[in-house]
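The structure under discussion appears below in the form of structure tokens.
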Amino acid sequence: MIQLKNVSKRYGDLTALHPLDMAIQQSRATALIGPSGCGKSTLLRIMLGLITPTTGEVWFKEQRLSQENVRTARLAMGYVIQDGGLFPHLTAEENVTLMARHLKMPLEQQQTRLQELCDLTDFPRPALARYPAELSGGQRQRVGLMRALMLDPEVLLLDEPLGALDPMTRSQLQTDLKAIFQKLQKTVVLVTHDMAEAAYFADTIVLMREGIIVQQGSLEDLRDRPVDPFARAFLMAQRREVEF
Ligand SMILES: Nc1ncnc2c1ncn2[C@@H]1O[C@H](COP(=O)(O)OP(=O)(O)OP(=O)(O)O)[C@@H](O)[C@H]1O
Ligand SMILES: [Mg+2]
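In terms of the working numbering, the numbers along the sequence shown are unbroken and rise by one, the last being 255.
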């Protein structure tokens, strides 16, 4: 579904991503994990075409992303931004329907879709009239998810969608999200700090460090066959959270 070929990203002297290749399989969930600053969000935003890589190519469904097709490609990808990224001056409903209104989706269709999304994410419909500051953290995350799903994208890219939630809400949302992924059978790329969460959601876990992909595979691969001391240490540090 998404392919990165020799993709790297430099910001001045800082190399956020060293040249890497990566393939995201259709209808599968992939988790990107690694320490803060290792390049997870950068990689996700490159897949979306929001950041242009310094070297390399991004392919989306057999098409190389270019200035001409990036807008169309982006409409096929739902993006949940790290820390929510809702517009504070728009109500929840206005946040969710922003692109749909821009694309002039008929009102009736918007309302039908809103109801589907409220049902799907278990969000109380009346709360759609509220502003982000008037919602709980968990509700804001659901609004972010609804916004990403509004146009029924083929791919869902989620940047720490469950960050900064209390453990109960997080656990509830984890369960809900997984059910949503299974129901929708979308291609999912999810960024997380948490190995247990990565293993819960994803078939493939991609462990990163300082702009490099250290190892990718299943939880068992990473746990039983860490490729280097960093991979081993990262797994060990998270051991208490992963049940193994
Ligand atoms: N626009 C930018 N200009 C300069 N440097 C940047 C820019 N965006 C990111 N960086 C740097 O690139 C590196 C990778 O950042 P990125 O946001 O991808 O990390 P991350 O893995 O998502 O971290 P976190 O887990 O904290 O969200 C960091 O060192 C960051 O400071
Ligand atoms: Mg990030």
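By construction, the Cβ of each residue, glycine as well, lies at the ideal position given by its N, Cα and C atoms.
Source: prediction; values computed, not measured.
{"query": "Considering only heavy atoms of ligand 2, does any lie closer than 7 angstroms to the CB of residue 51?", "result": "yes"}
{"query": "If contacts are defined as beta-carbon pairs under 8 angstroms, then residue 41 and residue 200 qualify, I think. What distance do you get, rounded to the angstrom?", "result": "5 angstroms"}
{"query": "Can residue 22 be considered in contact with ligand 1, in the sense that its beta carbon sits closer than 7 angstroms to one or more heavy atoms?", "result": "yes"}
{"query": "I need the DSSP call for residue 107, collapsed to helix, strand or coil.", "result": "helix"}
{"query": "What is the DSSP secondary structure of residue 142, reduced to helix, strand or coil?", "result": "coil"}
{"query": "What is the DSSP secondary structure of residue 169, counted as helix, strand or coil?", "result": "strand"}
{"query": "Tell me whether residue 93, by its Cβ, gets closer than 7 angstroms to a heavy atom of ligand 2.", "result": "yes"}
{"query": "Report yes if the C-beta distance between residue 166 and residue 115 is below 8 angstroms; otherwise report no.", "result": "no"}
{"query": "Is DSSP giving residue 232 helix, strand or coil here?", "result": "helix"}
{"query": "Taking the beta strand (DSSP E) that residue 40 falls in, what are its first and last residues?", "result": "40–44"}
{"query": "Could you give the first and the last residue of the continuous beta strand (DSSP E) run that contains residue 89?", "result": "88–91"}
{"query": "I'd like the list of long-range same chain contacts for residue 89, defined as Cβ closer than 6 angstroms, with 5 residues on each side in sequence excluded.", "result": "159, 160, 164, 167"}
{"query": "Quick one: using the 10 Å Cβ neighbour count with 16 as the cut-off for buried, is residue 170 buried or exposed?", "result": "buried"}
{"query": "Let me make sure I understand the geometry here. Which of 49, 206, 130 has the alpha-carbon closest to that of residue 21?", "result": "49"}
{"query": "Under a three-way DSSP split, which group does residue 20 fall into?", "result": "strand"}
{"query": "Where does residue 32 sit, in a helix, a strand or coil, going by DSSP?", "result": "strand"}
{"query": "Indicate the three-state DSSP secondary structure (helix, strand or coil) for residue 62 in the structure shown.", "result": "coil"}
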